[in-house]
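A.B. asks: The sequence shown begins at 325 in this note's numbering and counts up one residue at a time.
Cβ atoms here follow ideal geometry from the backbone N, Cα and C, with glycine treated the same way.
Got a structure for you, written out below as C-alpha cells; questions coming shortly.
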Amino acid sequence: MTPELTYLAYSILLLFIVVMIQASANIRQHGGLVLANNRDNLPASNTFPARAKRNVENLRENLWFFVPLVLIAAVANISNQWTILGAQLFFWARVGHAVIYLAGWPVIRPLFWLAGIVACAFIFLAVLGILN
C-alpha cells in the first residue's frame with residue numbers, strides 16, 4: 325500500500341474517532357435511551373456536543389477533497405514527494421484541527437484547516453503533473 329493510501333486509512337480512522345467523541349458527548353448530555361429513540365423532540369445540544377458535531381461535519385466535508393485525490397493518484401500510479409507530503413500534511417493538519425476544534429481554541433483553528441487545503445492542492449498539482 326502506498327503512503328498516500330496509508331494516510332487515507334488513518335484519516336478514516338480519525339473520522340471514526342471524532343464520530344465516537346461526538347456520540348459519547350451526546351450520550352452524556354441526552355442519555356442513551358433518548359438517543360435510541362427517533363430524536364424528533366431532542367433538545368438542543370450543549371456547547372461541547374454541538375462543537376463535536378461541527379467537528380465531524382468539517383472533517384467529512386474536507387474528506388471530499390482528500391479522498392478522491394488520493395484515489396486518483398493511486399489509480400494513475402502517481403506517488404512522489406508531493407503526493408506523500410500532501411497526504412501526511414492533510415492527516416496531521418486534520419488531527420490538529422480536531423484537537424483545537426474540540427478544545428474550543430479560537431483563531432488558530434482556521435490555520436490548520438488551511439494546511440489541509442494546501443495539502444490537497446499539493447496532491448492535485450502532482451496528479452496534473454505540475455509538481456513532480
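1) In the structure shown, what three-state DSSP assignment does Ile336 receive?
2) Assuming Asn382 is part of the alpha helix (DSSP H), what are its boundary residues?
3) For the alpha helix (DSSP H) containing Val423, name the first residue and the last one.
4) Can you find the residues in the same chain that come closer than 6 Å, C-beta to C-beta, to Leu455, ignoring five residues on each side of it along the sequence?
5) What would DSSP say about Ala368, mapped onto helix, strand or coil?
C.D. replies: So, to answer that:
1) Reading the sequence shown from its first residue, position 12 is the one you call residue 336. It is helical.
2) On the sequence shown, residue 382 is found 58 positions in, with the first residue counted as 1. Note, Asn382: alpha helix (DSSP H), 371-399.
3) Taking the sequence shown and counting its residues from 1, one reaches residue 423 at position 99. Counting along the chain, the alpha helix (DSSP H) containing Val423 begins and ends at 405-427.
4) Walking along the sequence shown from the start, residue 455 turns up at place 131. So the qualifying residues of the chain are Trp406, Leu449.
5) Along the sequence shown, one-based indexing puts residue 368 at 44. In the structure shown, Ala368 sits in coil (DSSP, three-state: anything other than H, G, I, E or B).
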